[in-house]
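Here the structure is laid out as structure tokens; the discussion comes afterwards.
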Amino acid sequence: MQKLPKFSTILGAVLCAALILPMSAQAQSVRTIRNDGGGVVNDYIIRANLAVIRGDRVRIDGWCASACTAYLGNPNTCVTPSAQFGFHGPSGGSPAENRRAAQTLALHLPAVLRDWYLTKAAPLQGNEHISISGKELVRIGAAQWC
């Protein structure tokens, strides 16, 4: 069973990176995400926050599931017409750890998705998930087109 670091640990790592990495008003690079099934929530939140700090643009073009959806909270993230998202609850920890991970992920989603995620998608476990197209996320104001 993998222990999830506390949010303060994540915040500390992101702040350290902010001091180390050069910051620029212009985007440093464009990262395209395709066929990303997710992983450890905290790892993805750190990556998404580092992309914000560096000013990187994140382009989602294809499947982005689970913890990968944390990139939707980055204001420099855009989606293509072929973007597809899969939402479900975290697993791998104790029930309390998984609930904390779900709450942490929810904080990194666009505001319009937070309550929906916690009530509809976070309770799903295993291979259960809810798929939402990039087109639908743009329609409800949770994403922007590339």
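Residue 1165 in the working numbering is what sits at position 56 of the sequence shown, and the numbering runs on without skipping anything. For every residue, glycine included, the Cβ atom is placed at its ideal position computed from N, Cα and C.
{"Item": "Member of G1182, C1187, T1178, G1148 whose CA lies at the smallest distance from the CA of R1166", "Value": "C1187"}
{"Item": "Bridge-paired residues (DSSP) for C1187", "Value": "R1168"}
{"Item": "Sequence-distant residues of the same chain with beta carbon closer than 6 Å to T1141, five excluded per side", "Value": "R1168, D1170"}
{"Item": "Beta-carbon proximity check, A1192 vs C1173, cutoff 8 Å", "Value": "yes"}
{"Item": "Same chain only: Cβ atoms within 7 Å of E1237, ignoring 5 sequence neighbours per side", "Value": "H1197"}
{"Item": "Beta-bridge partners of G1148, as assigned by DSSP", "Value": "DSSP output for G1148 lists no bridge partner at all."}
{"Item": "Supposed contact pair T1178 and L1218 - C-beta distance, whole angstroms, cut 8 Å", "Value": "7 Å"}
{"Item": "Rounded separation between S1143 and A1205 - CA only", "Value": "The residue you asked about is not Ser; residue 1143 is Arg in the sequence shown. For R1143 and A1205, the distance between alpha carbons rounds to 31 Å."}
{"Item": "Neighbour-count burial assignment, R1248, 16 or more Cβ in a 10 Å radius", "Value": "exposed"}
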